[in-house]
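Peer 1: Residue numbering for the sequence shown follows this note's numbering, starting at 1147 and increasing by one per position.
C-beta atoms are modelled at their ideal positions from N, C-alpha and C, and glycine is treated no differently.
My questions all concern the structure below.
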Amino acid sequence: MQAKRILIADDNDDLRASVGAFLKLKGYECETACDGRMAIAQARSGAERSGAFSLIVLDVGFSDIDGFEVCRTLREDGISVPVLMLTARDEVEDRVRGLESGADDYLIKPFSLRELAARIGAILRRSGGEVTETLSVGPLTLHLDRCTAERDGKEIRLTPTSFAILKALMSASPAVVSRASLEQAVWGDCPPDSDALRTAVWALRNSVDRPFAEKLIHTAPGFGWSLSPEKEQDHN
């Protein structure tokens, strides 16, 4: 399944990074823009190609073009992607102005990342682009909204590292996911020097496979790991 793509447009580097990391854990693909002109350019580019953005998280307080003008420009261009505006100003007039410029919702800074994700989910449901909140492979289900897994009716609690690995394996199932791809999914561009990934996969196996008769996580020596029921693995 193809993940929903979200554009995070904000001039605060830390906010873009934290929101992007959190939304990726929720199953979204994210791109970022650091000013108004970049947000317009990326939204236009997305509208012209397959896999356009499902939603834009848009800051109001850019130094070049404010978020109101960005949103108005997109609407005048015929770009109907939903927009969730972020602002530090809690004035009724500003909220009304945002909605009148074409925004779908409005969130005041500082905000909870959980509330942001909930509002994004609600907007996507209203717009007909509801995001899938679970991944399932055989007897295993991963709940993206709760960051937990379930197998044969038993809940499996996951660390953030285990969650990231499991999501990558289940999203690609039954294909093999390379070591480099898993390291990217867990640590981004800064993987640890030690053999942390092998240790993390071992810990995940203890949670997902060890209590059960059937093995789901398989090693492809020299390549990486895959996740699939043993019958499917044998068939391949």
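Reducing DSSP to helix, strand and coil, say where I1186 ends up.
Peer 2: Three-state result, I1186: helix.
Peer 1: What residue does the beta strand (DSSP E) around T1365 start on, and which one ends it?
Peer 2: Note, T1365: beta strand (DSSP E), 1363-1366.
Peer 1: Is it a yes or a no for the stretch 1200-1220 touching the stretch 1173-1184, going by three-plus beta-carbon pairs under 8 Å?
Peer 2: Yes, they touch.
Peer 1: Let me know the secondary structure DSSP gives S1317 once reduced to three states.
Peer 2: Three-state result, S1317: helix.
Peer 1: By DSSP's criteria, K1300 is part of a beta bridge. Which residues make up the other side?
Peer 2: The partner list for K1300 (beta bridge, DSSP) reads R1297.
Peer 1: DSSP beta-bridge partners for V1227?
Peer 2: According to DSSP, V1227 bridges with nothing at all.
Peer 1: Which partner residues of A1155 appear in the DSSP bridge assignment?
Peer 2: In the DSSP output, where bridge partners are listed per residue, A1155 has A1179, L1204.
Peer 1: Roughly how many angstroms lie between the CA atoms of W1371 and R1243, to the nearest whole one?
Peer 2: Each residue's Cα considered, the two are about 51 Å apart.
Peer 1: By how many angstroms is the C-alpha of V1203 removed from the C-alpha of E1261?
Peer 2: Spanning the two alpha carbons is a distance of roughly 13 Å.
Peer 1: Indicate the three-state DSSP secondary structure (helix, strand or coil) for I1211 in the structure shown.
Peer 2: If DSSP states are grouped into helix, strand and coil, I1211 belongs with coil.
Peer 1: One question on the structure: do L1230 and D1251 come within less than 8 Å of each other, judged by their Cβ atoms?
Peer 2: For L1230 and D1251, yes; Cβs fall inside 8 Å.
Peer 1: Rank E1239, P1256, C1217 by C-alpha distance to the C-alpha of S1247 and give the top, closest one.
Peer 2: Closest option to S1247, Cα to Cα, is C1217.
Peer 1: Look at the alpha carbon of I1302 and the alpha carbon of D1240, and state the distance between them as a whole number of angstroms.
Peer 2: Whole-angstrom Cα-Cα distance: 44 Å.
Peer 1: Nearest CA to the CA of E1376: which residue from L1362, S1226, S1164?
Peer 2: The residue with the shortest Cα to Cα distance from E1376 is L1362.
Peer 1: Between E1222, I1266, F1214, K1255, which lies nearest to P1228 when the distance is taken from Cα to Cα?
Peer 2: Out of E1222, I1266, F1214, K1255, I1266 has the C-alpha closest to the C-alpha of P1228.
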